[in-house]
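The next block holds one structure in the form of structure tokens; read it before the comments.
In this note's numbering, the protein residues as written are 16 to 169.
Structure follows, in structure tokens:
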């Protein structure tokens, strides 16, 4: 029988499988660099988004870039806990499980992760509609994690 994928059983799998790697220290310089790279990417993709035509294939890269920004910020935030995740799935699960104050939804992370995997590994093209389905929420999550990082770096 196939077990339904939930945040809890995913977190258990990540813990039991050694997919969370403990780090010896908080590397503030690395976190700051990761934040700055994400902000540069964000500024660039916002400009690209303004000129992309609805029927073009450019929405594929727009979707993936927003995903990558969210991933990078999540990874940077996780470093404050002196933890690194071996997979995107474990990273997002950890953030949702251990930082409830951010009010992030694991199901949203799963939705965007599996969509991104579809284009990265299975040749599925992401469209304007795919992006518009996540547009507001992904930008909100990016902003939430960005602000949380900036606050911790003070």
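Ideal Cβ positions, reconstructed from N, Cα and C, are used throughout, including at glycine.
Note that this is a predicted model, so its numbers are computed, not measured.
Are residue i and residue j touching if we call contact CB-CB under 8 Å?
i: residue 101; j: residue 160; result: no
i: residue 70; j: residue 140; result: no
i: residue 157; j: residue 34; result: no
Tell me whether residue i, by its Cβ, gets closer than 7 Å to a heavy atom of the ligand GTP.
i: residue 106; result: The ligand GTP is not among the ligands present in this structure, which contains no ligands whatsoever.
Thinking C-alpha only, which one of the options is nearest residue i?
i: residue 127; options: 147, 114 and 117; result: 147
i: residue 43; options: 95, 142 and 86; result: 95
i: residue 152; options: 141, 124 and 137; result: 124
i: residue 116; options: 134, 92 and 29; result: 92
i: residue 51; options: 88, 143 and 32; result: 88
i: residue 134; options: 26, 73 and 19; result: 73
i: residue 27; options: 118, 137 and 105; result: 105
i: residue 23; options: 120, 68 and 67; result: 120
Using 8 Å for Cβ pairs, my map puts residue i next to residue j. What's the rounded Cβ distance?
i: residue 60; j: residue 77; result: 6 Å
i: residue 103; j: residue 86; result: 6 Å
i: residue 97; j: residue 168; result: In fact, because the Cβ distance is near 15 Å, the residues do not count as touching under 8 Å.
i: residue 145; j: residue 130; result: 6 Å
Discussion item. Counting beta carbon pairs with one atom in the stretch 74-82 and one in the stretch 107-120, are three or more of them shorter than 8 Å?
Written reply: No: fewer than three Cβ pairs fall under 8 Å.
Worksheet item: Quick check: the stretch 44-55 against the stretch 148-165, are there 3 or more CB pairs under 8 Å?
Response: The way I'd put it, the stretch 44-55 does touch the stretch 148-165; three or more beta-carbon pairs between them come closer than 8 Å.
Discussion item. Ignoring anything shorter than 3 residues, give me the beta strand (DSSP E) runs that lie fully in the stretch 44-126, in order along the chain.
Written reply: With a minimum length of 3 residues, the continuous beta strand (DSSP E) runs that stay inside the stretch 44-126 are 98-100.
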